[in-house]
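Report on one structure; see the data block that follows.
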Amino acid sequence: MEIWDIYDQKNQLTGQTIARKDVHLLKEGHFHACVNALLRDEAGNILVQQRSLQKETNPGVWDIFTGGSILAGENPDQGIAREVAEELGLINLDFHYHGYDVRADIKSIMHYYTAVIPEESKSNIVIQKSELAQVTWLSVQDAVELVTDRPFDRKWLNSIITKMM
Numbered sequence: 002m003e004i005w006d007i008y009d010q011k012n013q014l015t016g017q018t019i020a021r022k023d024v025h026l027l028k029e030g031h032f033h034a035c036v037n038a039l040l041r042d043e044a045g046n047i048l049v050q051q052r053s054l055q056k057e058t059n060p061g062v063w064d065i066f067t068g069g070s071i072l073a074g075e076n077p078d079q080g081i082a083r084e085v086a087e088e089l090g091l092i093n094l095d096f097h098y099h100g101y102d103v104r105a106d107i108k109s110i111m112h113y114y115t116a117v118i119p120e121e122s123k124s125n126i127v128i129q130k131s132e133l134a135q136v137t138w139l140s141v142q143d144a145v146e147l148v149t150d151r152p153f154d155r156k157w158l159n160s161i162i163t164k165m166m
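First residue of the sequence shown? That's 2 in the numbering used here, and the numbers climb one at a time after it.
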């Protein structure tokens with residue numbers, strides 16, 4: 002069973018934890034933390050992933066970010082390294098932190114990262130079947146089109162693209 006630290010709206014630990022299954026019980030002003038990485042190759046293409054068709058939430062949806070929830074005791078840097086290793090089998094990536102958003106609508110604090118997957122590491126991608134159905138590479142423009150109806154994803158993608166150019 003996953004246990005998550007609880008944060009306040011200023012991204013500060015409260016000293017409390019909550020089980021994943023109980024996240025719906027989070028009090029007003031309390032959040033759990035998540036990490037998201039926009040992964041690109043050396044040519045600037047973006048790795049997108051399709052969520053497993055067996056996922057409870059958003060099965061089969063294509064996503065531009067790799068990530069998940071931070072476990073109790075982890076910091077965001079540790080969480081993103083673990084999530085990318087679990088979901089894609091990639092280790093030792095050089096992650097760059099871009100900031101966070103407080104998402105009251107889903108009681109989450111979302112931390113955003115980028116990393117470049119070296120050409121020689123692209124063949125090392127092994128997807129975790131319980132999390133992902135498949136992955137593919139999209140141009141920046143196609144990735145932007147994929148998230149036109151997702152304001153937070155679009156906001157962070159646009160911010161990151163501006164820094165990439």
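Backbone N, C-alpha and C define an ideal beta-carbon position, used for all residues, glycine too.
* Would the stretch 112 to 130 and the stretch 75 to 92 be scored as touching if the rule is three or more Cβ pairs under 8 Å? -> As far as the Cβ criterion goes, the stretch 112 to 130 touches the stretch 75 to 92, which means the pair count is three or higher.
* Asked: Cα separation between VAL141 and MET2?
  -> One C-alpha to the other measures close to 37 Å.
* If we count Cβ pairs, one from each stretch, closer than 8 Å, do we get three or more for the stretch 71 to 80 versus the stretch 47 to 63? -> Contact fails: fewer than three Cβ-Cβ distances are below 8 Å.
* First through last residue of the beta strand (DSSP E) which encompasses ALA86 -> For ALA86, there is no enclosing beta strand (DSSP E); the residue is part of the alpha helix (DSSP H) that begins and ends at 77 to 89.
* To do: Give every residue of the same chain whose Cβ lies closer than 8 Å to the Cβ of SER131, excluding the five residues on either side of it in the sequence, and list them in chain order.
  => The residues SER53 and GLN55, in chain order, have a CB closer than 8 Å to that of SER131 in the same chain once the five nearest residues on each side in sequence are set aside.
* Considering only the beta carbon of each residue, do HIS99 and TYR113 sit closer than 7 Å? -> Yes, these two residues count as a Cβ contact at 7 Å.
* To do: Specify, as a first and last residue, the run of the beta strand (DSSP E) that ASP102 falls within.
  => Looking at the DSSP string, the run of the beta strand (DSSP E) that includes ASP102 is 97 to 104.
* What first and last residue would you give for the alpha helix (DSSP H) that runs through ALA116? -> For ALA116, no alpha helix (DSSP H) segment is defined; the enclosing uninterrupted segment is the beta strand (DSSP E) at 109 to 118.
* Does the Cβ of HIS33 have 16 or more other Cβ atoms within 10 Å, making it buried, or fewer, making it exposed? -> Under a 10 Å Cβ-count criterion, HIS33 is classified as buried, with 16 or more other Cβ atoms of the shown protein chains found around its own Cβ.
* Contacts around PHE153, its chain only, beta-carbon distance under 8 Å, and the 5 residues preceding and following it disregarded -> Only ASP102, ARG104 and MET111 meet the Cβ criterion.
* Using 10 angstroms around the beta-carbon of ARG41, count the other beta-carbons present and answer buried if the total reaches 16, otherwise exposed. => The C-beta of ARG41 has 16 or more other C-beta atoms within 10 Å across all chains shown, which makes the residue buried.
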